[in-house]
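Heads up, the thing below is written out as structure tokens.
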Amino acid sequence: MVDQIHSGVGDNIIGDKYEYIIRSIKSRDLRTVIDSIMRDICYRELGRVREKLDVLNNIHSLENDVYLLLNALNVKLELVKGSISSSKNDLLKLLQNNDLPGDVREVITSILIDLESRTSEELAKKRYSDLKIDGFYLKEVFFERLASMEELSKSYHNTEVYDLSEQELTGLVRGALRVQDFVFAFELAQNLDKYYSSNNSRILRLYTETCLLITRNQRNHYVSLSKQEKDNVDRLIIQLLADIDDGKDDRYIAVLTNLLKLTYFSDSRLYNLGKLHIDKVREIDSFSAEYLEQSSIGMSTPDIKFELVSDVLDLEKFSFLIFAIENNQMKAKDVNNWIDNGGIIETGDDYINSFLNLYLRALVCSVDDKNEIQLLDKKAQDFLELDSKKFMLINPANILNLCDKFILCNLPLNAVNYLTPLLSDEAWVSPIFECYLNALFLSDKIDLFLNKIKHLEPCDKTELIYLREAQVYDRLDEYELSIKSIRFAIEISPNNPYSWYLLLHTSRKNGGDAQFLKEIVFEIPEVIFSTYDESKITLVNEIATYIDIHIAERVLVDWFVQNPVKVAKPLTQIHANSLINSQKVNSNPLVPNKCGDGITYSDGFETFTRILVRDVEASHPCLLEIESPLGQILENMQEGDCSGDFTMIKRVPPYVAVFRQAVELRSKGNDGTDVFRQFSLPPHEEEFIPYFENILKRYSTKDKERDAVLHTPNIPLTMKGNFTDPTDPVRGAITHLTSITSTKYLKLFNSGEETPNKVIIDVYTAVYFSLMGFSSAVVDSNIEIIVCKYTKQVLEGWIENILREDYMSIGVSDKGLYRVTSEDIRRDSCDFIHNLQILLEFVTVEPLKPADTPELLVKVRDLVDWAVYSTFQLSIANSIPLLSIDHLMCELAYSSEYPTANMNSFVMRILNSLSLPERKKSIQTNLSSGTPVPILYDDILYLSRSAEISDTYLVFKFMEKYGETISATGSSLNYLTAIVRNVTVMACIDGAILAGGRAHNPRYDGYVEHVFNYCCRSAIVNLDGETAEQRLALLIYNVIDMPRRVRKYLELISLLTTEFTIGHFLDIKACNESLVACQNGKKIDEQGSIEAS
């Protein structure tokens, strides 16, 4: 510093000013200088204080007490900087000057107390308590350095805040910070800024609020902050960035350090600012500085390819392994083999070891391997149960990566369980929160999803949140709200093809016609359609199938010429899908932008087939750029034209050319995973049918795999149907409800609510009622029948498709090739279809109420058809008893305390409301296919009196199936006797059987002898008697024991009995003796009755 001795106008304004003051007045009159410097110290503008003191100290000829005063102010400056001065004697000496004014003495005393508080707090407190004066500076230093929390609070609350000086409020703020009561400190800082607004007050308010936020969220990660806290953090970041300037005030660096910790160094603006001031950050917090340095260096990566050569990896090698996997330097299969062979991660902490092993297993888990996914699911659940406290210490970024993998592996419930502890009730929109909402949606936690987003303002929601919100509203049939959310998502990201697909799909479900939907298509930015991407396929398929195939095909052919190999499969698939809704095929009037005609030409040596293209790189041999020399020659040539050596053989429209080329490419590129294949017909017509049979046999469902499922008793009916017919639940229901291999394990659920006012049914139950002919009775049952919307769509769609005039399906059986046409269906299944139509006209569609689908149901979601899952979901959400033919699923629902109806009771009520001719259909179905339904014994007796062969056949099938359990009638002998008498009497009247049964009489085609034989078998099993002959004789005697005996009838019974006895290796003599014994026994009984009377 240069001595400042000059007069007049000088270049150092401050120096000139203070030189004038000091030389013009005595030290006792330095109030203005003292106040100015003390205010600067209070504001922590220490650079300015240093400058002022240096200027004053370099002025010559000052009095001794002035020097002592300046020295005292210098002591204050050093104390604030953190240095403890040894100038206490100078301060005491100055205070001994009796000429010091009171306010100057107060300043010196406050400095002395400040000094003593750093060396002997007890002495400083005693000095303060002994003072007879109590000025602002003294209170400031007392509050800042000595006061307890109680003293601070008492001083603040016993005085009106507007009566406190700036120095007092500042001292109170710093005192509250000293005792670490950050709530109080922030309140004080707010008042300081309110009544004495300055840069100092703003910094103190900023700093105290960051301290308060850190204290309030000590156990919360940045992603766990509530939305309100996150907003506070964002506001403070903006304020810091606006105020920090060059960072000369260290308090800004303290604020920066706090905010870095709050945000876990994730805010790039703070991160860059921290690196800029890293030395000052280190003075405040060495950990933060070290983290900034390490982050800027980044993770070291191995110089050579990483290999798994050891069974145990430490943390560093684990990081190298993760790097290798994520950069495709190591195959997941190799890592899985390493894990299966005992490979582990070892860090010295068992809990961290468990997490890293789980993380690695998830990273390499194949989304197509059900066994791997099941194992991952179990490992994930086991880990979460280990230690909830330690779980909260894991880096949320790692948990996020893990949960993303859970979702990819269709384990969203695990993602929900892992992320729930990390998030507050009103979380801000972080990547973890978005992942959490995604997991909630995929787990069908509808109510929880809506609750978790209700605090968000529209400006807070991201595209993903709007789209998931739209899908939730779609599930609830709130289509208008869904469309509104989709529109918001499109505003955020107009070039997202999925948003446009969702808008078209939801608008169609909301009743939009083709023209309305086409107007939406015209809103879609052209950039979406300009280039191919797999994410756009769903959108184009929606347009092709439901709106305008021509628009979709124009897009597809332009995509094809850009990338023929990748687009071949979606192009052919979409074209095939669109044919279902196309009444007729028309030529496309739209002209493609990039695709030209297909041409077949010759150069005089060879023939070529190619597609003309423009403005694309013709890298595939099937393409020819129009602007190329050859393209310019061929572009305008028509069929038959010649130009030099070139001849145009054929020219076809772009759409025809592309489709033909796509079919060929897809077929040739089939690696065995594609269901599509192109076949060439044999040269001779007589070879067609054998050729088709071979094709169908090769691509039919594997019989062994199918039979293994059908013969498993513990797999629910709906799961079997989803396995064998995953794309057609109606066909699956028909197949398994009419297949003995499936129905033998079925029964009617006989628990649950017996008299519900309304019930909900699924596809399988609707098919069951229709097969049994119950639909009209169900309609008249006075019970409201509910179905979910998707179930009704599936049933109506099946009926519409099956009744199409052009419907035909072909298959192959042991007897060879067969076909089924719409005419066959109307002839053979008209009753079933009619019953299904009756049911569909009566049922009520009820929208889903917001509810969280139980985890148990979510876990079986992929095992059943979506229509079945939606039915169970609606049953639980809307508390509607489930009425289902799948007794195992009913038992699952019932044991889980979900509303369930008693299927057996319901069917019994239906049967009792029907006449026998109406019940006959269900009897027929049960006896032929095993479909479960109660059969009334009286109905069998009634059928046994019928002259119709079909009725006798039903009696025969009944006895064949249930004959051995006939004792349930309560009187087996009377029941069997009645059946045998009825059928034999009717046969005797008919007369055909009198010449012999089927074995001896070709003219007889009835089933009476079968009924007779099974009744005899039942008698041998169920009647009383020591031997089979005695039990058989008992039945035969009761059959022929009539008041009037007809000779022909007795001969018939004798014939049938003899054939049965011989066929079952019974002793005829013993049978005759038993018959005689029965007759004698009756005579004895009659004689006894006469004597008794």
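FYI, in UniProt numbering the residues of the sequence shown are 1 to 1093. Even glycine gets a Cβ: it sits at the ideal position worked out from N, Cα and C.
Within the stretch 350 to 382, the complete alpha helix (DSSP H) segments of 4 residues or longer fall at 350 to 363, listed in chain order. Looking at the DSSP output, VAL787 bridges to VAL845.
The stretch 337 to 348 makes no contact with the stretch 371 to 385, as fewer than three CB pairs between them are under 8 angstroms. Here ASP597 carries a strand assignment [DSSP, helix/strand/coil]. LEU375 counts as exposed, since fewer than 16 other C-beta atoms from the protein chains shown sit within 10 angstroms of its C-beta. Between the stretch 915 to 928 and the stretch 764 to 776, the count of C-beta pairs closer than 8 angstroms reaches three or more; the two stretches touch. In this structure, TYR67 lies away from SER110, with their beta-carbon atoms at least 8 angstroms apart. In the three-state scheme derived from DSSP, where H, G and I count as helix and E and B as strand, LEU386 is classed as coil.
In the three-state reduction of the DSSP assignment, ARG804 falls in the coil class, being assigned neither a helical nor a strand state. According to the DSSP assignment, GLY816 belongs to the beta strand (DSSP E) that extends over 816 to 821. Taking C-beta atoms under 8 angstroms as the contact rule, LEU321 and ALA362 fail to qualify, at a distance of about 14 angstroms. Below 8 angstroms, too few C-beta pairs join the stretch 842 to 860 and the stretch 672 to 680 to call them touching: fewer than three. DSSP, reduced to helix, strand and coil, places LYS305 outside both helices and strands of the structure shown, so it counts as coil. With a beta-carbon spacing of about 60 angstroms, SER751 and TYR655 fall beyond the 8 angstroms limit used to define contacts. C-alpha of SER197 to C-alpha of ALA189: approximately 10 angstroms in a straight line. Between LEU927 and LYS957 the beta-carbon gap is near 4 angstroms, inside 8 angstroms, which marks them as a contact.
Within the same chain, HIS550, GLU553 and TYR655 come within 6 angstroms of ASN588 by CB-CB distance, once the 5 residues on both sides are set aside. Taking C-beta atoms as the reference points, LEU973 and LEU1023 count as a pair closer than 8 angstroms.
Under the DSSP assignment, VAL613 falls in the beta strand (DSSP E) whose first and last residues are 607 to 613. Excluding five sequence positions before and after SER578, the CB atoms of its chain that fall closer than 6 angstroms to its own CB belong to ALA544, THR545 and ILE549, given in chain order. At the C-beta level, GLU800 and ASN757 stay beyond 8 angstroms of one another. Taking every protein chain shown into account, the CB of THR718 has 16 or more other CB atoms within 10 angstroms, so this residue is buried.
Our two residues, VAL521 and LYS248, have alpha carbons roughly 58 angstroms apart in a direct line.
Under the Cβ criterion (8 angstroms, minimum of three pairs), the stretch 567 to 578 does not count as touching the stretch 628 to 641. The beta-carbon separation of PRO412 and LEU442, rounded to 4 angstroms, stays under the 8 angstroms limit for a contact. By the Cβ criterion, the stretch 308 to 320 is not in contact with the stretch 272 to 291, since fewer than three pairs of Cβ atoms, one from each stretch, lie closer than 8 angstroms. Here ALA901 is bridged, per DSSP, to GLU753.
When SER1018, PRO458 and LEU839 are compared, the shortest CA-CA separation from GLY963 is found for SER1018.
Exposed is the label assigned to ASP99, since fewer than 16 other Cβ atoms lie within 10 Å of its Cβ. In this structure, THR462 is the residue among ALA124, LYS405, THR462 and ILE446 with its C-alpha nearest to the C-alpha of PHE433. The three-state reading of DSSP puts ASP728 in coil, since its state is none of H, G, I, E or B.
ASP90 and ASN217 have their C-alpha atoms roughly 47 angstroms apart. For the pair ILE760 and ILE885, the CB atoms are not nearer than the 8 angstroms cut-off. For the pair TRP559 and ILE528, the CB atoms are not nearer than the 8 angstroms cut-off. GLN562 and ASP671 have their C-alpha atoms spaced approximately 23 angstroms apart.
Inter-residue distance for ARG105 and LYS230 is about 48 angstroms (C-alpha atoms, whole angstroms).
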